[in-house]
Amino acid sequence: MKEKILNSDNIAIEIEGYLEKIKEIPLTIHSENFTEFYRILKRNQFESGPYPKVSLFEGINRIMSDLVILYGIKTLLDVNSVTKHNLPFAEYTVQFGVTSKKPFDITSKLGNRSLAGEAFNVAPSFFAGKKSRELKKFKESTEKYSDYLLIYNSEATDSTSTFELIDGVLHLRVKLPDL
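Per my numbering, residue 971 is the first one in the sequence shown, and the count goes up by one each step.
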């Protein structure tokens, strides 16, 4: 997919459009055995959804991360949450998909404030490693930002806080709705 600018004027429309694309994906896989099931899941390309030219397995990984971005940005833009995170940004530039030419999934700038963010959806068993890799990207970046943000799925950790500032990085835990 591509870069998008998300703000309070378009976030609901972007989410609605994305969910419509997800509805195109078939939810049933018919196979006679595990090997056939595996091949369908990992190799067959589906011709629908937000990523029609990738396998269902790869597409699901991308879709889940995209949903974390969309619902995370929606949370950041919610006027009721601004006092909880203290980010002044009215819009965010986001990169969907797992491959991007930009160094970060999420960026924003307002006056002398700038933000770099990463977003992901991960199983609890892989959370520590994924978080470490993303934090390392912040530290190794040649461009410095005033604000750093990690957005991830809420079930990745045991924390019940939506927002938490940890070592100068704002963590936003997103509970995705049942779709």
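Built from N, CA and C at the ideal position, the CB exists for glycine as well. Small disclaimer: the values here were computed from a predicted structure and weren't measured.
So if DSSP puts Lys974 in a beta bridge, which residue, or which two residues, is it bridged to? For the purposes of this step, residue 974 is taken as residue 4 along the sequence shown, with counting starting at 1. For Lys974, which the question treats as bridged, DSSP gives the partners Val1064.
Relative to the C-alpha of Leu1142, which residue among Arg1013, Leu1057 and Tyr1115 is closest? For this step, residue 1142 is matched to residue 172 along the sequence shown. For the residues Arg1013, Leu1057 and Tyr1115, the minimum Cα distance to Leu1142 belongs to Leu1057.
Beta strand (DSSP E) runs contained entirely in the region 1035-1117, provided each spans 3 or more residues: 1061-1065, 1076-1080 and 1083-1090
Taking the alpha helix (DSSP H) that Leu1149 belongs to, which residues open and close that run? In the sequence shown, residue 1149 corresponds to position 179, counting from 1. Taken as a continuous stretch (DSSP letters only), Leu1149 belongs to no alpha helix (DSSP H), as it is neither H nor E.
Could you check if Ala1086 is buried or exposed, using at least 16 other CB atoms within 10 Å of its CB as the buried criterion? Counted from its first residue, the sequence shown places residue 1086 at position 116. By the 10 Å Cβ count, Ala1086 comes out buried.
If we call anything under 8 Å between Cβ atoms a contact, is Ile975 one with Val1038? Counted from its first residue, the sequence shown places residue 975 at position 5. Counted from its first residue, the sequence shown places residue 1038 at position 68. In this structure, Val1038 does not lie closer than 8 Å to Ile975 by Cβ.
DSSP three-state call for Glu1125: helix, strand or coil? By 1-based counting over the sequence shown, the position of residue 1125 is 155. Glu1125: helix per DSSP, three-state reduction.
By the three-class DSSP mapping on this structure, what secondary structure does Phe1004 have? Counting from 1 along the sequence shown, the entry for residue 1004 is found at position 34. Phe1004: helix per DSSP, three-state reduction.
So, with DSSP's three-state summary, where would you put Glu1017? Locating residue 1017 in the sequence shown gives position 47, counting from the first residue. Note: Glu1017 maps to coil in three-state DSSP.
Expressed to the nearest angstrom, what Euclidean distance is found between the alpha-carbon atoms of Gly1042 and Ser1124? Translated into positions along the sequence shown, residue 1042 becomes position 72. Translated into positions along the sequence shown, residue 1124 becomes position 154. The straight-line gap from Cα to Cα measures roughly 11 Å.
Tell me the DSSP bridge mates of Arg1032? Here residue 1032 refers to the residue found at position 62 of the sequence shown. Arg1032 pairs with nothing; no bridge assigned.
For the alpha helix (DSSP H) that contains Ile999, what are its first and last residues? Start at 1 with the first residue of the sequence shown, and residue 999 comes out as number 29. Neither: Ile999 is in no alpha helix (DSSP H) and is coded neither H nor E.
Expected contact under 8 Å - CB spacing of Gly1067 and Arg1032 to nearest Å: Position 97 of the sequence shown, counted from the start, is the residue given in the question as residue 1067. Position 62 of the sequence shown, counted from the start, is the residue given in the question as residue 1032. Indeed, because the Cβ distance is near 5 Å, the residues count as touching under 8 Å.
If I follow the unbroken beta strand (DSSP E) through Ile983, where does it start and stop? On the sequence shown, residue 983 is found 13 positions in, with the first residue counted as 1. Where Ile983 is concerned, there is no enclosing beta strand (DSSP E), although the alpha helix (DSSP H) it sits in stretches over Ile981 to Ile992.
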